[in-house]
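In the numbering used here, the protein residues as written are 2 to 383.
Backbone N, C-alpha and C fix where the C-beta goes; we use that ideal spot for every residue, glycine too.
Here is the structure we will look at, set down as structure tokens.
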């Protein structure tokens with residue numbers, strides 16, 4: 002049994018060695034480097050509505066055996082698993098929905114582990130259950146109505162459902178590498194109409210005078226980041242109304258994850274006009290932020306989707322995960338996959354209402370995925 006389960010408000014109270022021992026190296030978004038860059042840059046703070054509140058499990062010797070990245074949230078922005086209707090209904094009924102607790106990667110809908118367990122532990126599921134029990138106890142202890150674990154693994158969501166959490170599913174669109182050796186190999190797997198369309202789109206972009214560089218490591222200079230931050234800020238202002246990530250975040254990201262960070266930069270007449278930020282995992286290329294000062298529609302597809310496929314093929318990566326939403330990705334070779342989250346609702350009345358909503362939503366999600374695969378897949382039927 003553990004000696005202590007506690008929360009900390011600063012990732013440095015855990016330290017890089019212990020954090021990364023539990024987080025592993027597969028997914029850079031749960032690494033100490035990424036999450037500490039969020040905190041140290043002022044991107045995740047009480048002022049931005051993302052106060053770190055990480056759950057930490059230690060054994061009787063003080064050795065950390067499990068961690069949950071966790072935040073106290075003052076709103077529901079930057080999450081991508083939307084609970085606005087839940088909050089509105091609860092507050093209309095006289096409840097106080099915020100603050101709430103959120104386990105996720107801030108500002109990013111990236112799937113991955115949320116129950117981080119030291120790899121040398123002989124019974125990792127027992128540690129996960131202890132972490133889940135610790136999470137489940139927090140809302141009542143703190144007088145908070147809800148706790149949310151979003152974009153976790155399917156196995157984690159099942160364990161949490163077994164412990165009384167409500168389980169939720171969603172859809173994202175990921176590209177899967179079927180041992181392609183080139184982009185043309187990938188095109189060969191598509192039906193003729195989609196293959197022709199993708200070739201036409203890429204050709205139009207090149208003929209319009211755009212060129213692309215996948216910048217990484219020493220090739221990524223401060224002026225590239227300055228330009229990209231301008232794009233990011235402009236996109237955030239237009240779409241979401243607030244840019245959470247500071248310029249310092251991108252500087253720290255480059256400093257701490259330089260070999261796992263790829264910035265696809267689009268140039269026109271030697272002027273950088275667009276950029277897409279990607280991080281490299283052990284098997285996955287994660288496409289994250291995008292921005293531009295050029296409104297050419299095909300530029301987005303090339304910079305974010307086709308260049309990402311090129312990078313994944315070059316590095317032998319199995320998947321490109323290009324973020325939330327976007328049914329237009331289907332026609333470009335990205336396929337629907339199910340995402341998972343789990344929700345602890347402390348108020349019995351709200352829990353009943355949310356549970357009913359989720360049962361209906363889950364049926365629609367499964368039907369939508371099956372319909373998309375059957376009717377809209379761009380791949381050749383064998």
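Backbone CA spacing between residue i and residue j [nearest angstrom]
i	j	result
residue 15	residue 186	46 Å
residue 331	residue 144	43 Å
residue 191	residue 356	40 Å
residue 74	residue 47	8 Å
residue 39	residue 88	26 Å
residue 363	residue 272	46 Å
residue 287	residue 263	10 Å
residue 36	residue 97	29 Å
residue 41	residue 247	10 Å
residue 350	residue 343	18 Å
residue 323	residue 52	26 Å
residue 301	residue 381	25 Å
residue 270	residue 234	23 Å
residue 131	residue 289	32 Å
residue 159	residue 168	8 Å
residue 112	residue 206	31 Å
residue 199	residue 188	8 Å
residue 359	residue 120	33 Å
residue 226	residue 281	18 Å
residue 23	residue 13	15 Å
residue 303	residue 334	13 Å
residue 133	residue 312	37 Å
Whole-Å CB distance - residue i paired with residue j, under 8 Å assumed
i	j	result
residue 176	residue 339	In fact, because the Cβ distance is near 16 Å, the residues do not count as touching under 8 Å.
residue 341	residue 170	6 Å
residue 432	residue 236	Lying outside 2 to 383, the shown extent of the chain, residue 432 is not represented and no answer is given.
residue 181	residue 314	5 Å
residue 278	residue 213	Incorrect: roughly 14 Å between the Cβ atoms, too far for contact.
residue 166	residue 110	Contact doesn't hold; Cβ gap of about 19 Å is too wide.
residue 79	residue 54	Contact doesn't hold; Cβ gap of about 16 Å is too wide.
residue 308	residue 265	5 Å
Residues sharing a beta bridge with residue i, DSSP
i	result
residue 218	DSSP, once it has assigned bridges, lists no residue as partnering residue 218.
residue 39	Its beta-bridge partners do not exist; DSSP assigns none.
residue 272	269
residue 53	72
residue 279	263, 288
residue 320	177, 285
residue 213	267
residue 325	173
N- and C-terminal bounds of the alpha helix (DSSP H) containing residue i
i	result
residue 91	85-93
residue 141	125-143
residue 290	Where residue 290 is concerned, there is no enclosing alpha helix (DSSP H), although the beta strand (DSSP E) it sits in stretches over 285-293.
residue 156	155-163
residue 349	349-377
residue 195	193-208
residue 63	That residue, residue 63, is in no alpha helix (DSSP H); it is neither H nor E in DSSP.
residue 299	298-301
residue 5	Where residue 5 is concerned, there is no enclosing alpha helix (DSSP H), although the beta strand (DSSP E) it sits in stretches over 5-9.
residue 257	248-257
residue 185	184-189
Terminal residues of the beta strand (DSSP E) in which residue i lies
i	result
residue 18	No beta strand (DSSP E) holds residue 18; the alpha helix (DSSP H) holding it covers 17-24.
residue 169	167-177
residue 103	101-104
residue 341	336-346
> With a cut-off of 8 Å, do at least 3 Cβ pairs link the segment 98-111 to the segment 77-87?
Replying inline: yes
>> Count Cβ pairs between the segment 289-301 and the segment 127-143 that sit closer than 8 Å; are there 3 or more?
In response: no
> Can we say the segment 26-34 touches the segment 126-135, given the rule of at least three CB pairs closer than 8 Å?
Replying inline: no
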